[in-house]
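Contents: one structure, followed by commentary.
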Amino acid sequence: MSELLDLTGLIGGVYYGGVSVAWLLILLSMTGAAMTAGLMISICLNRYTAAVISKRWMLLFALAFAIGVASIYMFPLSVNLYYSGYAMFNDDVRLDYDRISDRLLMAPSLCSIVMGFLWSVGLRQCSIPYDHNELLQGGKV
Amino acid sequence: MTDRLQQHTNWVCVFFAAVLLAMTILAIPAGGRHMYEVITGIVCSLFCLLPALFFRKKIMRLPLWFTFIIEAAICMHGLGVLLLQYDLLVYYDTVTHTLSSFVITVCVFFTLLCVEHYGSSSGLRFTPAWTAMLVFVIMMAFGGYWEAFEYLVDNLTGTSMQYSPFDTVRDMLSNAMGSILSSTFMYFYLKHHDNETVVRSFALCSQLERLLTWNDCRDNSD
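As they're listed, the protein sequences go chains A and B. By numbering that gives the first Met the number 0, the letter at position 63 of the first sequence is numbered 62, and the numbering carries on one by one without gaps. By numbering that gives the first Met the number 0, the letter at position 181 of the second sequence is numbered 180, and the numbering carries on one by one without gaps.
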């Protein structure tokens, strides 16, 4: 949805503190996707391995997974920023008073923390009526 | 753990604490040392005594090898500040970050082992592979939280905890390396050690046992 908004140009030119709002929305939605993927992984591990995990532990894994993915995303992002000419090293940053590179680099982590909290509340509410073995819904891997 | 081995553990703590305290005292008349360095030295030497204090107060017993790594991590940080190794040696910061990450990962690992042991009657069971994976993602998430915390503090108070994006990425890389090394090490450690034996060797105090059993009182399927 965020990609679509960005592609249609509706929010393509909107910036907040020098950071594209479309990119922030993409990061927020990606956190939701990563958390859901983390929950699916933990459900499969619970079902197909010897591990027995409660729904709370599944949710903890999903939350850590989403923020972990955002943290790992900082590595390719930093390479991208470096080759795009942003201030990356101590000496460069001293001359860059705006510190836009810091904001760009920390955007994935901050978005994942905010969205992770909201999404975990949502996932918790959604999973309450189901038994943790029912969450697989008879699916086969 | 035998009492003799625990005595060795206590002596390791006292030795590292004494080294740090001596370095702090020697650093004061050397001149050019700020209060921050002196306080860091004193606090680090006190932290070195924690495993011995835990044993004396019957809170828990830590294995000798783990105590040694904890002491080494604290001592390296203390000496880095006192002897200005962070400024003088290029990769000192990376080494200390990796070692600290290794220590924290092992702490998380042991905590999860205890949680699983005291929650086992409600059916909670972690396999070594699951525990290693969970610990790795938790450590990466901790790293993300920490860097976000530093960024927010810098923006709110005007400090410079985050020197540059390169410094942030280097810290995250050290964190990831320490977590991977530790998770791999603990995976093989658990393959060759029984969970129950490891948890029993900690000889946790009754308050900590109650705290861990609290999780067990809740419905596991929830």
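Glycine residues also receive a C-beta, built at the ideal position from the N, C-alpha and C atoms.
Residue i: which of the options sits nearest, CA to CA?
| i | options | result |
| --- | --- | --- |
| residue 196/B | 142/B, 169/B, 109/B | 109/B |
| residue 202/B | 171/B, 132/B, 59/B | 59/B |
| residue 97/B | 115/B, 86/B, 76/B | 76/B |
| residue 55/B | 79/B, 88/B, 12/B, 144/B | 12/B |
| residue 86/A | 166/B, 179/B, 129/B | 166/B |
| residue 64/A | 112/A, 98/A, 100/A | 112/A |
| residue 46/B | 211/B, 27/B, 18/B | 18/B |
| residue 144/B | 110/A, 125/A, 100/A, 23/A | 110/A |
| residue 103/A | 129/A, 60/A, 84/A, 90/A | 84/A |
| residue 101/B | 85/B, 87/B, 78/B, 67/B | 67/B |
| residue 273/B | 177/B, 150/B, 200/B | Any answer about residue 273/B is impossible in this case: the structure gives chain B only from 0 up to 221. |
| residue 124/B | 18/A, 45/A, 119/A | 45/A |
| residue 177/B | 71/B, 138/B, 91/B, 69/B | 138/B |
| residue 68/A | 22/A, 34/A, 18/A, 119/A | 34/A |
| residue 118/A | 40/A, 28/A, 43/A, 41/A | 28/A |
| residue 130/A | 13/A, 62/A, 57/A | 57/A |
Below 8 Å on the Cβ atoms is my contact criterion, and I expect residue i with residue j to pass it. Report the Cβ-Cβ distance as a whole number of Å.
| i | j | result |
| --- | --- | --- |
| residue 52/B | residue 16/B | Not a contact, Cβ separation roughly 10 Å. |
| residue 205/B | residue 104/B | Their Cβ separation, rounded to whole angstroms, is 27 Å, which puts residue 205/B and residue 104/B out of contact at 8 Å. |
| residue 22/B | residue 81/B | 5 Å |
| residue 66/A | residue 140/B | 4 Å |
| residue 4/B | residue 63/B | 6 Å |
| residue 49/A | residue 130/B | Residue 49/A to residue 130/B, Cβ: 12 Å. No contact. |
| residue 91/A | residue 161/B | Wrong, their Cβ atoms sit about 14 Å apart, outside the cutoff. |
| residue 106/A | residue 24/A | Not really, about 11 Å apart at Cβ, beyond 8 Å. |
| residue 87/B | residue 8/B | Not really, about 32 Å apart at Cβ, beyond 8 Å. |
| residue 117/B | residue 211/B | 4 Å |
| residue 168/B | residue 73/A | 6 Å |
| residue 99/B | residue 72/B | 5 Å |
Put residue i into one of helix, strand or coil per three-state DSSP.
| i | result |
| --- | --- |
| residue 18/A | strand |
| residue 13/A | coil |
| residue 123/A | helix |
| residue 209/B | helix |
| residue 37/B | helix |
| residue 89/B | coil |
| residue 55/A | helix |
| residue 55/B | helix |
| residue 140/A | Summary for residue 140/A: the model assigns pLDDT 48, below 50, so the residue's position carries little reliability; its value from the coordinates is reported in the next sentence. Correct three-state label for residue 140/A: coil. |
| residue 124/B | strand |
| residue 177/B | helix |
| residue 142/A | Beyond the ends of chain A as shown, which are 0 and 140, falls residue 142/A; an answer cannot be given. |
| residue 160/B | coil |
| residue 75/A | helix |
| residue 74/B | helix |
| residue 204/B | coil |
| residue 69/A | helix |
| residue 192/B | coil |
| residue 6/B | helix |
| residue 109/A | helix |
| residue 48/A | coil |
| residue 130/A | coil |
| residue 38/A | helix |
| residue 27/B | coil |
| residue 61/B | coil |
| residue 133/B | helix |
Using 10 angstroms around the beta-carbon of residue i, count the other beta-carbons present and answer buried if the total reaches 16, otherwise exposed.
| i | result |
| --- | --- |
| residue 79/A | exposed |
| residue 170/B | buried |
| residue 32/A | exposed |
| residue 140/A | With a pLDDT of only 48 at residue 140/A, under the threshold of 50, the placement of this residue in the model should not be trusted; the figure read from the coordinates follows. It counts as exposed. |
| residue 54/A | buried |
| residue 185/B | buried |
| residue 25/B | exposed |
| residue 60/A | buried |
| residue 208/B | exposed |
| residue 123/A | exposed |
| residue 199/B | exposed |
| residue 156/B | exposed |
| residue 116/A | exposed |
| residue 125/A | exposed |
| residue 135/B | buried |
| residue 121/A | exposed |
| residue 42/A | buried |
| residue 10/B | exposed |
| residue 114/B | buried |
Contact residues within the segment 102 to 133 of chain A, judged by C-beta distance below 9 Å to chain B: 102, 103, 104, 105, 107, 108, 109, 111, 112, 115, 127, 130, 131, 132
Residues within the segment 127 to 140 of chain B neighbouring chain A, beta-carbon criterion of under 7 Å: 129, 133, 136, 137, 139, 140
Near-chain A residues of the segment 139 to 163 of chain B - C-beta to any C-beta below 7 Å: 139, 140, 142, 143, 144, 146, 147, 150, 161, 162, 163
Residues of the segment 48 to 62 of chain A whose Cβ lies closer than 9 Å to any Cβ of chain B, in chain order: 48, 49, 50, 51, 52, 53, 54, 55, 56, 59, 60, 62
Contact set between the segment 164 to 196 of chain B and chain C, restricted to residues whose Cβ is under 9 Å from the partner: The structure shown contains no chain C; its protein chains are A and B.
Residues within the segment 56 to 85 of chain B neighbouring chain A, beta-carbon criterion of under 8 Å: none
Residues, ordered as in the chain, of the segment 15 to 34 of chain A that lie near chain B by beta-carbon distance below 9 Å: none
Contacting positions in the segment 104 to 125 of chain B - beta carbon closer than 7 Å to chain A: 122, 123, 124, 125
Short-range partners of chain B found in the segment 69 to 83 of chain A, where Cβ spacing is below 7 Å: 69, 70, 71, 73, 74, 77, 80
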